[in-house]
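Working notes for the structure below.
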Amino acid sequence: MNPDKTPSNPLESLDQWEDFVEEVAYPEPEHKLKEDYRNYDDPARDCVREFYRLNHEQQTYAFVQEKRKRFIDAPQEQRKMSILDGISFLDTLVDDSDPDIELSQLQHLLQASEAIRAQGHEDWFILTGLIHDLGKVLCLFGEPQWAVVGDTFPVGCRFSDRIVYPEFFDLNPDSKDPRYNTKLGIYEEGCGLRNVHMSWGHDEYMYHLAKDYLPEPALYMIRFHSFYAWHREDEYEYLLDDHDREMLPWVKRFNPFDLYSKSPVPPKWEELKPYYTALIEKYFPAELAWSA
Ligand SMILES: [Fe+2]
Ligand SMILES: [Fe+2]
Numbered sequence: 001m002n003p004d005k006t007p008s009n010p011l012e013s014l015d016q017w018e019d020f021v022e023e024v025a026y027p028e029p030e031h032k033l034k035e036d037y038r039n040y041d042d043p044a045r046d047c048v049r050e051f052y053r054l055n056h057e058q059q060t061y062a063f064v065q066e067k068r069k070r071f072i073d074a075p076q077e078q079r080k081m082s083i084l085d086g087i088s089f090l091d092t093l094v095d096d097s098d099p100d101i102e103l104s105q106l107q108h109l110l111q112a113s114e115a116i117r118a119q120g121h122e123d124w125f126i127l128t129g130l131i132h133d134l135g136k137v138l139c140l141f142g143e144p145q146w147a148v149v150g151d152t153f154p155v156g157c158r159f160s161d162r163i164v165y166p167e168f169f170d171l172n173p174d175s176k177d178p179r180y181n182t183k184l185g186i187y188e189e190g191c192g193l194r195n196v197h198m199s200w201g202h203d204e205y206m207y208h209l210a211k212d213y214l215p216e217p218a219l220y221m222i223r224f225h226s227f228y229a230w231h232r233e234d235e236y237e238y239l240l241d242d243h244d245r246e247m248l249p250w251v252k253r254f255n256p257f258d259l260y261s262k263s264p265v266p267p268k269w270e271e272l273k274p275y276y277t278a279l280i281e282k283y284f285p286a287e288l289a290w291s292a
């Protein structure tokens, strides 16, 4: 079993959240919901529910400020690693709940990037597939699952009821704070997502690591790929500006590669490594400073 499975880490593996998003919350339109996913006695579903309870309860505006300070504005520690080092490091995060069916982190990244490549997209789009989840290294720096993965959403204003398990936001102190519980909260109408504080997780962390090196659509894909309330539910329209609306199609384009690209024949990293090494070198410096 996963040694990290503690009350604050209810998921057997990080993929359990993504499997839930893929198979229950946002299944492929042509795929009917599997019967067993409707079974509320399913212990796996209980883990996901508990995960969301912790996430929705604790992702407050103040919590996000604390994490931004620690990891972005005033990092306590920085590790020099290349993107390739980051991939190898993330792949040490073994999801061992069921090794026969769980994909390693590297396989998920490769399957996304190879599916993007197979459709002939631009090279920066392929690279985005390869790196989009590298922010999950936060788990290896001791952060709890609920502060690394899960749907992301704006903090500092009212939570949308289209976020999965919205009832758990009643436990979030911001829901009772008049500064944060109105439609706009601390924001101005149309302020643009660049001025909005998102719940903390791997998306925001990776965005800051990549922001000087990739084109704008790639940065939107990385930063907002878990913001399902926006890209799948069309919520928070009042926070958007024209630039966000222009970028939304890119975020939507990326999502199927993240969720539905599981390949029956796993790509072989050793064979693909020369191609991806050259691609990484085209866009990224030899080393990056990863806040740890
Ligand atoms: Fe992700
Ligand atoms: Fe992903």
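First residue of the sequence shown? That's 1 in my numbering, and the numbers climb one at a time after it. Even glycine gets a Cβ: it sits at the ideal position worked out from N, Cα and C.
| query | result |
| --- | --- |
| What is the DSSP secondary structure of Leu103, reduced to helix, strand or coil? | coil |
| Classify Ser88 as buried or exposed, calling it buried when 16 or more other Cβ atoms lie within 10 Å of its own Cβ. | exposed |
| If you measure from the beta carbon of Glu18 to each beta carbon in chain B, is any gap under 9 angstroms? | The structure shown contains no chain B; it holds only a single protein chain. |
| Of all residues in the structure, which have a C-beta closer than 5 angstroms to any heavy atom of ligand 2, taken in chain order? | Asp133 and Asp258 |
| For Gly120, count neighbouring Cβ atoms within 10 angstroms of its own Cβ and tell me buried if that reaches 16, exposed if not. | exposed |
| Short of 8 angstroms in beta carbon distance, which residues of its chain neighbour Ala112, apart from the five on each side in sequence? Order them along the chain. | Gly129, Leu130, His132, Phe257, Asp258 and Ser261 |
| Let me check understanding here. Comparing Cα to Cα, which of Phe71, Glu122 and Leu184 lies closest to Gly143? | The identity of residue 143 in the sequence shown is Glu, whereas the question assumes Gly. For Glu143, the nearest C-alpha among the options comes from Phe71. |
| Who pairs with Met198 in a beta bridge, going by DSSP? | Pro154 |
| Report the rounded CA-to-CA distance for Leu33 versus Ala74, giving the unit in angstroms. | For Leu33, the predicted model reports a pLDDT of 49, less than 50, meaning its position is unreliable; a value from the coordinates is still stated below. Taking the straight line from one Cα to the other gives about 45 angstroms. |
| Quick one: grab the DSSP three-state call for Leu288. | strand |
| Would a C-beta distance cut-off of 9 angstroms place Leu214 and Trp124 closer than the cut-off? | yes |
| Just to confirm, is the Cβ distance from Val251 to Met221 under 9 angstroms? | yes |
| Which parts of the region 58–102 are runs of the beta strand (DSSP E), unbroken and 3 residues or longer, counting only runs that do not cross its ends? | 78–81 |
| In angstroms with no decimal places, state the Cα-to-Cα distance between Asp15 and Lys136. | 11 angstroms |
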